[in-house]
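Residues 679 to 1062 in our numbering are what the sequence shown lists, from first letter to last.
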Amino acid sequence: MTLDIKSQTLEELQRQFGEWQQPGYRAAQLLDWIYTRRVGDWDEMTNLPKNLREKLRAEYSFQSMDLAQVQGSRDSTRKFLWRLSDHSLVECVLIPANPAFYGETSDRHTLCVSTQVGCAYGCKFCASGLDGFKRNLRVEEIVGQVLTTERWLAQEAKKEAEKPATEPPEPPQEAAVVSGGAESRLINNLVIMGMGEPLANYENLLKALKILNAPWGAKIGARKITISTSGLAPQIRKLADEPYQFRLAVSLHAATNAIRDKIMPVNRKYPVHELTAACDYYQERKGRMITLEYILIAGINDAMDQIKPLARIAHRLHAKVNLIAYNPVEGLPWNRPTDVLQDAFASGLEKEQVTVTLRREKGGDIDAACGQLRLKTEQAEKNR
Ligand code: SAH
Ligand code: SF4
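Structure below.
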């Protein structure tokens, strides 16, 4: 299979260029075209000699994703459905740091990225696992979600900037970023909370994040990248040994095995004590970089007797707890508890001196399937 150019690191390209007797700086020029100028075609790389462009075209693919659908909400949160070369669909959610209300511009964005088509982990409450697992995303498909969304953003900003002036004049959204030149980024934060279990696609994820983090790549700070996992303990330890300060979000959703076993099959493989031991290790290596995610599901994990064990885990890991009201999924019998009960659960944790945030769905017009992504992403953004 042909390698895609977006799966290649600077070192790999320099090695290849060396074999072609091309000067090493050409590799940096090429990467600059992809990650800073965000071009989508070889012919746009005008400072590369034509014969080199032809060689690259013959040797590598440079695939883009087709936009199958974009759903926007009034507060500018948008869900993208990208179609991959094998026609699989993956979704991304784009969230502005400051919603672009009238009179403001939004120049910072978080993107929620998918890592697999479907998911094999089958958590009982989750829409992503409903259709089972199809395949891992390749490096270029993970990197491509960021690049293609940025290209979309830049185009939107251009359209906005070209609009004839109206009365009163609307500020051009994101125009400042676009004209900010080479160093500006349209996406500043990543949350790996889309479809799939990121740590089950470990090698591709890590290489993609290396490219997205690198100074020669997309330049997104490691501390601005949050990886969410359902609790693959060995991979959490492995991640702790990597030279990156990624943030970790652990989808705990129950503080005892009795309950976690019922809603997350992964718990039978890596029960709570094994998961928390792996988190201990991550926390020791990386500092305070763990968040515990806890969806409140009515009658399942929202009883007050979960508070003390949850608080114990949070204290031990110096972790904060994100409470999320369950977002009902069509076809599943689960529901969120009442607001009163959600508040009681949150204040119960606060009484135990746990740092806690409670998030309810804001509404909006993106359909419910992605509501979970949006909620989680907004939280990760807030917790920064
Ligand atoms: N597989 C990873 C990352 C993707 S899921 C993980 O499980 O962490 C991202 C988050 O959305 C997880 O915390 C997951 O438990 C949560 N989630 C799944 N379905 C949800 C729903 N219907 N409502 C709210 N959150 C949900
Ligand atoms: Fe997979 Fe995460 Fe959904 Fe569980 S919650 S089924 S691990 S995507």
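By construction, the Cβ of each residue, glycine as well, lies at the ideal position given by its N, Cα and C atoms. Computed from a prediction, not measured in an experiment: that's the story for all the values here.
Taking 8 angstroms as the cut-off, one finds no heavy atom of the ligand SF4 near enough to the beta carbon of Cys770.
Contact annotation: Ala918 and Tyr960 have beta-carbon atoms nearer than 9 angstroms. Across the set Gly822, Val1007 and Thr954, the C-alpha of Gly822 shows the shortest separation from the C-alpha of Ala896. For a cut-off of 8 angstroms, the C-beta gap from Tyr738 to Val944 is around 37 angstroms, too long to register as a contact.
Set against 8 angstroms, the gap from the CB of Gly807 to the closest heavy atom of the ligand SF4 is smaller. A distance below 8 angstroms between beta-carbons, with the five flanking residues on each side excluded, links Ile937 to the following residues of its chain, in chain order: Ile978, Asn979 and Gln984. Per DSSP, the unbroken alpha helix (DSSP H) holding His993 starts and ends at Ile985 to Leu995. In the three-state DSSP reduction, Gly822 falls in the helix class (H, G or I).
In the three-state scheme derived from DSSP, where H, G and I count as helix and E and B as strand, Cys804 is classed as coil. Under the DSSP assignment, His787 falls in the beta strand (DSSP E) whose first and last residues are His787 to Cys790. By the Cβ test, the stretch 828-839 is not in contact with the stretch 692-710, since fewer than three Cβ pairs between them sit closer than 8 angstroms. Distance from the Cα of Met743 is smallest, within the candidate group Arg756, Leu910, Pro774 and Ser763, for Ser763. According to the DSSP secondary-structure assignment, Thr969 is paired through a beta bridge with Ala927 and Lys998.
Closer than 8 angstroms to some heavy atom of the ligand SAH: that does not describe the Cβ of Glu697. When distances are taken from the beta-carbon of Ser766 to the heavy atoms of the ligand SF4, even the shortest one reaches 8 angstroms or more.
Cα atoms of Asp958 and Arg1014: separation of roughly 30 angstroms, rounded to the nearest angstrom.
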